[in-house]
Each structure stands twice: as C-alpha cells, then as structure tokens.
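Undergrad:
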Amino acid sequence: MSSDVSTMTEEQILEQIQAEVAGNRVFLYMKGTPDAPACGFSMRVVQILGHLGTEYGSRNILEDPRVRVVLSEWSDWPTIPQLFVDGKLVGGCDIVTELYQDGELQHLLPS
Amino acid sequence: MIEAALPGAQVEVQDHGGGDHLSAVVVAPQFEGMSRIDQHKAVYAAVQARIDDGQIHALALKTRAPEA
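Line by line, the protein sequences give chains A and B. Following the numbering used here, the numbering of the first sequence begins with -14 at its first residue and continues without gaps. Following the numbering used here, the numbering of the second sequence begins with 8 at its first residue and continues without gaps.
1. Closer than 9 Å, CB to CB, is residue 44 (chain B) near chain A or not?
2. Which one of A:66, A:44 and A:-11 has the shortest CA to CA distance from residue 33 (chain A)?
3. Can you name the residues of chain B whose CB is closer than 7 Å to the CB of residue 76 (chain A)?
4. Taking only the alpha-carbon atoms, compute the straight-line gap between residue 59 (chain B) and residue 20 (chain B) and give it to the nearest angstrom.
5. Using only CA atoms, which one of A:87, A:88, A:83 and A:56 lies nearest to residue 73 (chain A)?
6. Tell me whether residue -7 (chain A) sits in a helix, a strand or coil according to DSSP, three-state version.
7. Check for me: the alpha helix (DSSP H) holding residue 51 (chain B) runs from which residue to which?
8. For the candidate residues B:65, B:61, B:36 and B:40, whose alpha-carbon lies nearest to that of residue 10 (chain B)?
9. Does the beta-carbon distance from residue 13 (chain B) to residue 67 (chain B) come in below 9 Å?
10. Which class does residue 89 (chain A) belong to by DSSP, given the choice of helix, strand or coil?
11. Identify every residue that forms a DSSP beta bridge with residue 29 (chain B).
12. At a CB-CB cut-off below 7 Å, which residues of chain A make contact with residue 23 (chain B)?
13. Under 9 Å between beta-carbons, which chain B residues line up against residue 84 (chain A)? List them in chain order, please.
14. Evaluate contact between the region 23 to 31 of chain A and the region 74 to 84 of chain A, counting only Cβ atoms and requiring at least three cross-stretch pairs below 8 Å.
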C-alpha cells in the first residue's frame, strides 16, 4: 500500500510520517529497505532489530528527497537512520548500537 | 563550549584527524533521566556554532549521567 510520495505535498508527507510513527510501535526511517539496505548505518540498525526478532515498519527515505527534510525538521535529528519506538525517537545508528550493546534497547522494544 | 552549556559536565574530546573529526565523551549531571537522544541533542546544540562554521566536521558522542 505504498502511496506515491512524489504527488504529495510536504504537509501530506509530514502527516504520513506522524501516522507511521503513531501507528507502529517500532518504525524505522532508513536508506533502502530491510531486505536491501542502501547504507551501512541503516544496515546495522536492520541487523540489530533482526537479531532481536523485533517486528517493525520502515520507510525508505530515498523514495523522495523531501521525506528526509520533513522528517529531520520534525524529529530535530539530522541523520538517517532514525528509529522510533512508541512514538518517540530513540536514536540513529550510533545510539541504537550503544543501547543494544548496553542491553538497554531490549527493554525499550516491545517483546 | 560543552562545559559552558552543561555546568558540571566532564568532557573528554579526542581528535581523529585534522582537528575537525572529533569524538567526545560527556558525563553531565543534567543527563540524569534524559533519553540518549536528548543527551546527544543537548551536546550538539552546545557546539552547533562550530559545526555551522565548519570547525567541527564530525562529532561522535558518548553521553551518560554520572554514576550515582
């Protein structure tokens, strides 16, 4: 059910982002897809979530350059990937990796 | 700069080449109860001017509150 981003206004893109984050306990904005990550940082987060067996939704921000701009303005975080859990930004690759290594990520994620 | 924004913080900065690729370990009492992302945002906000003017190109962070 991927709607065509290219025909959307920035306002609609923001509404879609907010709906995705609100409608999924775990949601990942990444470059590429979980099956074919297009960046090493995105790949690492996919691997961690996969290792933990977490179910999550994701969006490929490369679909349209405006997605990244709108997302970063909204989340106040400049880089991709961005992992949201229960409506809140948890972090990018570095923070997610650190939380995973510290054993904290497992507690944040739904079991 | 980081210490000015976060009084009482312990900051260790390492240079990974050229003086503009840095990493920092920041331990600040203000971080108590803050999520990791908010801790990082606080540090980035403190050094934003140096990122904007290009003196810092990359800054890798480790942040935590002091041990109780």
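Note that beta-carbon positions come from the ideal geometry of N, C-alpha and C, so glycine has one too. Quick caveat: nothing in here was measured; it's all calculated off a predicted structure.
TA: So, from the data block:
1. yes
2. A:66
3. 43 and 44
4. 19 Å
5. A:56
6. coil
7. 43 to 59
8. B:36
9. no
10. coil
11. B:22 and B:66
12. Ordered by position in chain A, no residue passes the 7 Å Cβ test against residue 23 (chain B), which lies about 14 Å from the chain.
13. 43
14. yes
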